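Participant:
Protein chains in written order, with our numbering: chain A, 118 to 367; chain B, 118 to 367.
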């Protein structure tokens, strides 16, 4: 888990971005994942101005810095990482999968500033941009379509950086009904099955076990146990009194 | 790692999406991460038609199915998961963080169909939509801005599903120069430092060790060792022959 000073040490650097919507989307993902530092290098014409005037992620965009060169945008960073969809062209740089690269970036953010570069929508990072990078990061996209939308690529990279591999697995688990509740429901269901004629009136050992297993497989939430017991009790009562109205408040 | 039949078992279900760009972005992320099945429920007016006519991710959009109800879109799925930004409203459903929920979804995809629901940009999933869900998934966004762009949320969820926690850490590592090469460079650098007057001509023990450590800390790539040796050799030669042209092809 990254802490606020670490989040603040990452610069997201958008190089030669053409579409203001993409600058806005990058800023929104940064805001979603708590990264405040956006640097924009030579955006196309008015893209940066347009993005700034759009709604959402206002704080990230308002504090974004515009640069004329990659060198200026990454000047304070001791690790510079480029992103690429291509897998073979840039053999001059080590190429890391996002899962692996993010681990290294997180480690560096503990003490140092890191820049993460995203190239233009059409051409990606140029060889000149890449010469500023220590290594390259690739998102593990499918071979059939390796090229991601810029805003989505930023979102995925930042998510991987803040992702918590130790997030508790039990979070939000439903408390299940206790064995005694389950058994009461099982008995009432068996009663309903007998009364309905689904089972023969003489419930032999094997059928009882089948019903018990059937109910156990439901993984009944504790909060629903009373409800299910009431349902089967009502069914049994109605089966036994076909001519009468149901009793009040059963 | 999900295999193609597993990728095919996930339905991405967009409910009441308003913006055709978001349908297109969702389809593009699906294509990037290899998920072919898109279901669209009650999109706003012409959003689906417009999205289909846009470029990119054509295959996913062309085969997308349009439904009038969530029930119809998820009919063949044995696990239905809703996505939400909200953390407290929907306590009727278990709420899982993406890292944890994706693990469960991957497990189910081994044998069964799973639906992953995304609500409208403005309102998310309605209580009626949610009643079809077994549990809810939330992306671990920052408290300050929990609401993600739809296309980015789809991209992040699908990335988490295909992400490989065992991706090799050493992939793309640069082979480093061997000790003998490093030592030749060290000697040549020391020579250059002496010739330039940076160090006293008599290089005492301590300085030699400092230079050795200095060069070791560079982690010199093997492919660059010859280049560095050549550079220092040239510098030494030039320092010793200030009046002469550099020798050809040193």
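For glycine and all other residues, C-beta sits at the position ideal for the given N, C-alpha and C. Being a predicted model, the structure only gives us computed values, none of them experimental.
If you draw a straight line from the alpha carbon of residue 133 of chain A to that of residue 220 of chain A, how long is it in whole angstroms?
Facilitator: By one-based count along the first chain, residue 133 of chain A stands at place 16. By one-based count along the first chain, residue 220 of chain A stands at place 103. Using only the alpha carbons, I get a separation of about 27 Å.
Participant: Pick out whichever of A/228, A/336, A/244 has its Cα sitting closest to the Cα of residue 187 of chain A.
Facilitator: For the purposes of this step, residue 187 of chain A is identified with residue 70 of the first chain, where counting begins at 1. It is A/244 whose Cα lies nearest to the Cα of residue 187 of chain A.
Participant: Have a look at B/119, B/142, B/341 and flag the residue whose alpha-carbon is nearest the alpha-carbon of residue 266 of chain B.
Facilitator: In the second chain, the residue the question calls residue 266 of chain B occupies position 149. Here the closest residue by C-alpha is B/142.
Participant: Less than 8 Å between the C-beta atoms of residue 204 of chain A and residue 169 of chain A, yes or no?
Facilitator: Here residue 204 of chain A refers to the residue found at position 87 of the first chain. Here residue 169 of chain A refers to the residue found at position 52 of the first chain. No, these two residues do not count as a Cβ contact at 8 Å.
Participant: Against chain B, which members of the region 122-143 of chain A pass a CB distance test of less than 7 Å?
Facilitator: Cβ contacts with chain B: 142.
Participant: If we ignore side chains and look at the alpha-carbon of each, how far apart do residue 367 of chain B and residue 305 of chain B end up?
Facilitator: One-based indexing of the second chain puts residue 367 of chain B at position 250. One-based indexing of the second chain puts residue 305 of chain B at position 188. Legend: pLDDT at residue 367 of chain B = 47, less than 50; position of this residue unreliable, value from coordinates given subsequently. Using only the alpha carbons, I get a separation of about 14 Å.
Participant: Rounded to the nearest angstrom, what separates residue 242 of chain B and residue 156 of chain B at their Cα positions?
Facilitator: The residue you call residue 242 of chain B lines up with position 125 of the second chain. The residue you call residue 156 of chain B lines up with position 39 of the second chain. Those two C-alpha atoms are separated by around 15 Å.
Participant: Going by the CB atoms, is the gap between residue 126 of chain A and residue 226 of chain A shorter than 8 Å?
Facilitator: The residue you call residue 226 of chain A lines up with position 109 of the first chain. The residue you call residue 126 of chain A lines up with position 9 of the first chain. In contact: residue 226 of chain A and residue 126 of chain A (Cβ atoms closer than 8 Å).
Participant: Rounded to a whole number of angstroms, what is the C-alpha to C-alpha distance between residue 327 of chain A and residue 344 of chain A?
Facilitator: Stepping through the first chain from its first residue, residue 327 of chain A is reached at position 210. Stepping through the first chain from its first residue, residue 344 of chain A is reached at position 227. Approximately 22 Å, taken between the alpha carbons.
Participant: Less than 8 Å between the beta carbons of residue 200 of chain A and residue 235 of chain A, yes or no?
Facilitator: Residue mapping note: residue 200 of chain A aligns to position 83 of the first chain, counting from 1. Residue mapping note: residue 235 of chain A aligns to position 118 of the first chain, counting from 1. Contact: yes.
Participant: Comparing alpha-carbon positions, which option in A/128, A/248, A/160 lies nearest residue 238 of chain A?
Facilitator: The count along the first chain starts at 1 and reaches residue 238 of chain A at position 121. Answer by Cα proximity: A/160.
Participant: Can you find a CB in chain A that lies within less than 8 Å of the CB of residue 225 of chain B?
Facilitator: If you number the second chain from 1, residue 225 of chain B lands on position 108. Not an interface residue.
Participant: Hey, does residue 189 of chain B have any beta-carbon neighbour from chain A nearer than 8 Å?
Facilitator: For the purposes of this step, residue 189 of chain B is taken as residue 72 along the second chain, with counting starting at 1. No, because no Cβ of chain A sits closer than 8 Å to the Cβ of residue 189 of chain B.
Participant: What residues match up with residue 184 of chain B in a beta bridge as DSSP calls it?
Facilitator: The residue you call residue 184 of chain B lines up with position 67 of the second chain. In the DSSP output, where bridge partners are listed per residue, residue 184 of chain B has B/158.
Participant: Using 8 Å as the limit for Cβ to Cβ distance, is residue 259 of chain B near chain D?
Facilitator: The structure shown contains no chain D; the protein chains it does contain are A and B.
Participant: To the nearest angstrom, how far is it from the Cα of residue 288 of chain B to the Cα of residue 252 of chain A?
Facilitator: Here the question's residue 288 of chain B lines up with position 171 in the second chain. Here the question's residue 252 of chain A lines up with position 135 in the first chain. Here the model assigns residue 288 of chain B a pLDDT of 48, short of 50, so the residue's position is not dependable, and the following value carries that caveat. Roughly 12 Å separates the two Cα atoms.
Participant: If I measure Cβ to Cβ from residue 264 of chain A and keep anything under 6 Å in the same chain, skipping five residues before and after, which residues do I get?
Facilitator: Against the first chain, residue 264 of chain A aligns to sequence position 147. 202, listed in sequence order.
Participant: Below 7 Å between beta carbons is the criterion; list the residues of the region 197-219 of chain A that meet it against any residue of chain B, in chain order.
Facilitator: Listed by position, the residues of the region 197-219 of chain A near chain B (Cβ gap below 7 Å) are 211, 212, 213, 214, 216, 217.
Participant: Extract the residue ranges of the alpha helix (DSSP H) inside the region 192-268 of chain A, only unbroken runs of 4 or more that lie entirely within it.
Facilitator: Runs of the alpha helix (DSSP H) inside the region 192-268 of chain A: 215-226, 244-247.
Participant: Only counting the same chain, and skipping five residues up and downstream in sequence, which positions put a Cβ closer than 8 Å to that of residue 246 of chain B?
Facilitator: Along the second chain, read from residue 1 onward, the residue named residue 246 of chain B stands at position 129. Around residue 246 of chain B: 132, 187, 199, 234, 236.
Participant: Give me the residue from B/260, B/330, B/340 with the minimum Cα distance to residue 292 of chain B.
Facilitator: Position 175 of the second chain, counted from the first residue, corresponds to residue 292 of chain B. Of B/260, B/330, B/340, the residue nearest in Cα terms is B/340.
Participant: Helix or strand or just coil, what does DSSP make of residue 124 of chain A?
Facilitator: Counted from its first residue, the first chain places residue 124 of chain A at position 7. If DSSP states are grouped into helix, strand and coil, residue 124 of chain A belongs with the helices.
Participant: Ordered along the chain, which non-local residues of its own chain (more than five positions away) have a Cβ less than 6 Å from that of residue 121 of chain B?
Facilitator: One-based indexing of the second chain puts residue 121 of chain B at position 4. None.
Participant: Under 8 Å: do the region 309-318 of chain A and the region 270-284 of chain A share three or more Cβ pairs, one atom per stretch?
Facilitator: In short, these stretches do not touch, since the Cβ pair count stays below three.
Participant: For the alpha helix (DSSP H) containing residue 334 of chain B, name the first residue and the last one.
Facilitator: Counted from its first residue, the second chain places residue 334 of chain B at position 217. No alpha helix (DSSP H) holds residue 334 of chain B; DSSP gives it neither H nor E.
Participant: Is there a Cβ of chain B sitting closer than 8 Å to that of residue 150 of chain A, yes or no?
Facilitator: Working through the first chain from its first residue, we reach residue 150 of chain A at position 33. True, the Cβ-Cβ gap to chain B drops below 8 Å.
Participant: Contact criterion: CB-CB distance below 8 Å. Does residue 265 of chain A meet it with respect to chain B?
Facilitator: On the first chain, residue 265 of chain A is found 148 positions in, with the first residue counted as 1. Yes, residue 265 of chain A counts as interfacial toward chain B.
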